[in-house]
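Peer 1: Position 36 of the sequence shown, counting from 1, maps to 130 under our numbering, and the rest follow consecutively.
Backbone N, C-alpha and C fix where the C-beta goes; we use that ideal spot for every residue, glycine too.
Quantities reported herein were computed from a predicted structural model and do not represent experimental measurements.
Pasting a structure here, questions to come.
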Amino acid sequence: PKQVVSKGPKSLKENFMFVPVLVVDSNILLSQPGIFKQMVSALNWSIVTPNTFITELLSLTSSTGPVGDSAMAAVIAIHEALTD
95 PKQVVSKGPK
105 SLKENFMFVP
115 VLVVDSNILL
125 SQPGIFKQMV
135 SALNWSIVTP
145 NTFITELLSL
155 TSSTGPVGDS
165 AMAAVIAIHE
175 ALTD
């Protein structure tokens, strides 16, 4: 016998568990690390950051001036989000 499968948005909610995920890009972290911190602390997010982004961000921390400062602030924001 064939199994009947309901279709539509309601059946998705019944068959899947939805988890809020925050996918981070470099622009928000370099320009507004405070907003990232607020988003992470406001809800229970799973945080996704591409490895290439982390590698690039870490290399930018050795830059002098605003770019290096922003990169360091972003690294600190990520670290705090993961350890809190």
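When you compare only the Cα positions, how much space is there between residue 119 and residue 154?
Peer 2: 15 angstroms
Peer 1: Is the stretch 121-130 touching the stretch 153-168, taking contact as three or more C-beta pairs under 8 angstroms?
Peer 2: yes
Peer 1: Quick one: using the 10 Å Cβ neighbour count with 16 as the cut-off for buried, is residue 151 buried or exposed?
Peer 2: buried
Peer 1: Among the residues of its own chain, which have a CB less than 6 angstroms from the CB of residue 143, if the five just before and after it don't count?
Peer 2: 118
Peer 1: Return the chain-ordered ranges of every beta strand (DSSP E) run that is complete within the stretch 134-173 and spans a minimum of 3 residues.
Peer 2: 140-142
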